[in-house]
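Just so you know, we're using the UniProt record's numbering here: the sequence shown kicks off at 1 and counts up by one.
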Amino acid sequence: MPSSVIKYFSYDAATETLKIIFVTDMIYLYKEVPEKIYKMLKASGSKGRYFNRHIKDKFKFQKLEEE
Numbered sequence: 001m002p003s004s005v006i007k008y009f010s011y012d013a014a015t016e017t018l019k020i021i022f023v024t025d026m027i028y029l030y031k032e033v034p035e036k037i038y039k040m041l042k043a044s045g046s047k048g049r050y051f052n053r054h055i056k057d058k059f060k061f062q063k064l065e066e067e
């Protein structure tokens, strides 16, 4: 999953929460994200572009402290 923007992401289907860790080590939880969006992100050739078009500014989010 090489990306110049996203270091790691995971999805919790039970809570529809998408966790994204950016290369800057900033961590965000995106809420009420349909599983289809997660699967499309996973399959996308450009994670950053998909994120900007389909996730950023479209879902509520919570910024977490850096791990």
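Note that CB positions come from ideal geometry on N, CA and C, so glycine has one too. All values derive from a computational prediction rather than experimental measurement.
Taking DSSP as the reference, what is the three-state secondary structure of residue i?
i, result
"Lys-58", "coil"
"Lys-19", "strand"
"Lys-39", "helix"
"Lys-63", "strand"
What's the gap between the Cα of residue i and the Cα of residue j?
i, j, result
"Met-26", "Glu-65", "7 Å"
"Glu-35", "Tyr-11", "8 Å"
"Ile-21", "Leu-41", "14 Å"
"Ala-13", "Phe-61", "16 Å"
"Ala-43", "His-54", "13 Å"
Please list the terminal residues of the continuous beta strand (DSSP E) segment that includes residue i.
i, result
"Lys-7", "6 to 12"
I'd like to check one pair, residue j with residue i: are the Cβ atoms closer than 7 Å?
i, j, result
"Tyr-50", "Leu-18", "no"
Within 10 Å of its beta-carbon, does residue i have 16 or more other beta-carbons around it, so buried, or fewer, so exposed?
i, result
"Tyr-8", "exposed"
"Lys-31", "exposed"
"Lys-58", "exposed"
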